[in-house]
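Colleague: Shown below is the structure under consideration.
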Amino acid sequence: MNDGNRIEISGAGLRCGDVVRVARHSAWVDLAPETVEQAGRSYELAIDLGAKRAVYGRTTGVGANRHTVVAPESADEHGLRLLRSHAGGTGEPLPSDAVRATMAIRLNQLAAAGSGVHPRLLRALETALRVGALPVVHSRGAIGTGDLTALAEIGLTLAGELPWAVGALEPVPISPGDALAFISSNAATLAEAVLAWHDLMQLLAASHVVTALTFCALGGSAEAYSERVHQARPHAGAVRCAAELRRLLTAAGDLPPGRRLQDPFGLRAFPQIQGPALEAAGNVERILATDLNAAAENPLIDIETQQAYHHGQFSTAHIALAFDHLRAALHHVAELSAARLSDLVEPDLSGLTPFLSEGPPGSSGIMILEYVAHDALATLRHAAAPVTLGTAVISRGLEDHASFSTHAVRSTVTATAAYRTVLACELLGAVRALRLADSRLPATPLADAFRLADAALPHLAEDHPLSTEITQAEQLLGRLASL
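In the working numbering, the protein residues as written are 8 to 490.
What follows is the structure, given as structure tokens:
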């Protein structure tokens with residue numbers, strides 16, 4: 008069930024958009040009735056299996072201590088020791104939206120009933136989300152093989168051993184075996200990944216609008232976006248991008264003629280560059296949707312077969328590689344935006360004054376925007392470097408691979424912020440050029456976009472500091488994306 012303000016948590020069907028609504032828009036979470044009963048069955052099975060055979064983290068130590076047997080009489084304290092020893096995160100605390108997303112994702116994963124945790128931990132997470140209680144979760148401590156430090160902090164906060172950042176709940180008992188089962192997840196990385204994906208998708212949507220505004224300012228040739236052209240080489244992302252530009256540039260179906268036989272690449276090759284980024288973002292969404300609903304705990308307590316399975320589902324190579332690919336694709340998109348900004352300040356292409364200046368001869372106009380855009384582009388270029396070329400060997404050599412998916416996601420956050428600045432600089436240039444030329448825009452959503460931008464961004468003819476306008480343009484991109 009999902010009515011926009013209420014998200015049903017069942018261990019299946021949770022979408023990235025649902026997580027965003029819980030994290031940023033206070034959507035209400037409801038555990039599906041059958042999930043608590045299923046979690047109870049998984050909990051009882053885990054206890055039964057632990058009485059008959061070795062079960063990692065329940066009857067044994069963890070990591071290189073996997074062969075060390077835990078005495079039954081110290082099982083309760085063993086779980087708390089695990090939480091205490093693993094709650095060693097550091098760095099800045101995660102922002103509130105990322106913490107709420109982490110809790111929602113972990114709740115949904117536990118609802119898939121493969122962990123063997125006591126059902127009261129599910130109820131505790133549900134209640135915390137409803138009342139707005141948030142633990143302190145530090146940002147540093149994950150390498151893509153489980154968010155052990157972050158989830159141990161949440162577990163100890165639920166148990167009453169760490170203070171809440173916001174609000175509070177009555178302490179929840181930690182049953183034998185609950186500790187590893189609760190922290191055996193990448194929920195914190197997934198939370199940051201979902202929010203990063205959402206923010207980047209918004210910018211990619213805004214890219215179509217900003218590019219179309221620049222197209223009109225430069226008198227571009229829409230032949231490059233023809234349906235016939237893209238049917239001849241039908242890459243899905245490019246086809247989608249070209250269709251979006253046609254929607255923005257024409258109301259009657261006839262594509263406008265251009266000033267030139269062929270435009271610079273920033274206009275002409277936009278679908279071929281934006282398309283791979285759209286496809287990469289779609290691939291990220293598919294991977295995240297799988298992991299949001301996964302019972303990936305090690306070991307898996309499987310109700311159907313009545314067995315415990317030890318495995319490597321904690322590895323997040325899919326996420327790390329997908330985000331590395333997405334950042335590389337985004338870098339190409341940002342390069343085109345910076346190139347279009349350079350086209351806008353060139354009189355031979357715009358038909359306007361150098362740097363779109365309006366003051367006395369020698370005025371600089373928006374000259375500085377190229378510097379700002381290329382500074383941001385350089386930041387994005389560094390952030391686009393793949394994190395998946397490194398690994399780690401830890402726990403006395405037993406754990407000999409790490410995906411660093413958490414770092415891939417955080418590099419994407421950096422890249423997204425940099426692209427927001429690049430695109431904002433192009434938006435300022437396009438709006439200024441359209442004002443100077445007094446251009447008519449097609450009767451499409453693009454005209455609405457220009458009216459919105461024209462009203463939101465000041466028009467000062469004389470040379471002046473542009474910092475405030477860059478910030479205003481960055482904030483406007485989300486509204487343009489909705490068009």
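We put the beta carbon where it would ideally sit given N, CA and C, even for glycine.
#1: To the nearest angstrom, how far is it from the Cα of A46 to the Cα of L114?
#2: Compare the beta carbon distance of L487 and V216 with 8 Å and say whether it is the shorter of the two.
#3: Just to confirm, are A39 and I16 a CB contact at a threshold of 8 Å?
#4: Taking the alpha carbon of L299 as the point to measure from, which residue in E365, A390, A194 has its own alpha carbon closest?
#5: Given A159, which residues of its chain have a CB within under 6 Å of its CB, disregarding the five upstream and five downstream residues?
#6: Nearest by alpha-carbon distance to I54: which of A315, C248, V394, A346 is it?
#7: Residues bridged to V36 by DSSP?
#8: Where does H85 sit, in a helix, a strand or coil, going by DSSP?
#9: Between the alpha carbons of H414 and L434, how many angstroms are there, rounded?
#10: Measuring CB atoms only, is the region 328-339 touching the region 281-299, in the sense that at least three cross pairs come out at less than 8 Å?
#11: Only counting the same chain, and skipping five residues up and downstream in sequence, which positions put a Cβ closer than 7 Å to that of A341?
#12: Quick one: give me the first and last residue of the alpha helix (DSSP H) that I308 is part of.
#13: How about L252 and D185: are their beta carbons less than 8 Å apart?
#14: When the Cβ atoms of the region 432-446 are set against those of the region 460-480, are three or more pairs found closer than 8 Å?
#15: Since I believe H145 is in contact with T5 (beta carbons under 8 Å), could you give me their beta-carbon distance rounded to a whole number of angstroms?
#16: May I have a chain-ordered list of the beta strand (DSSP E) segments no shorter than 3 residues that lie completely inside the region 252-321?
#17: Does the Cβ-Cβ distance between T156 and G167 come in under 8 Å?
#18: Can you list, in chain order, the residues of its chain with a C-beta nearer than 7 Å to that of V394? Leave out the 5 residues immediately preceding and following it.
#19: Quick one, which of G139, F321, T360 has its alpha-carbon nearest L443's?
#20: DSSP three-state label for A219, please.
#21: Taking T97 as part of the beta strand (DSSP E), name the residues at either end of that continuous run.
#22: Determine the direct distance from the alpha carbon of G369 to that of E199, and round the result to whole angstroms.
Modeller: A quick look at the data gives this:
#1: 11 Å
#2: yes
#3: yes
#4: A194
#5: L90, H93, A94, I190
#6: A315
#7: I14
#8: helix
#9: 30 Å
#10: yes
#11: L384, L387, Y426, V429
#12: Element bounds for I308: not the alpha helix (DSSP H) but the beta strand (DSSP E), 307-309.
#13: no
#14: yes
#15: One cannot answer for residue 5 here, as it falls past the ends of the chain, which runs 8 to 490.
#16: 307-309, 314-316
#17: no
#18: A327, D331, F411, H414, A415, S418
#19: T360
#20: helix
#21: 97-100
#22: 47 Å
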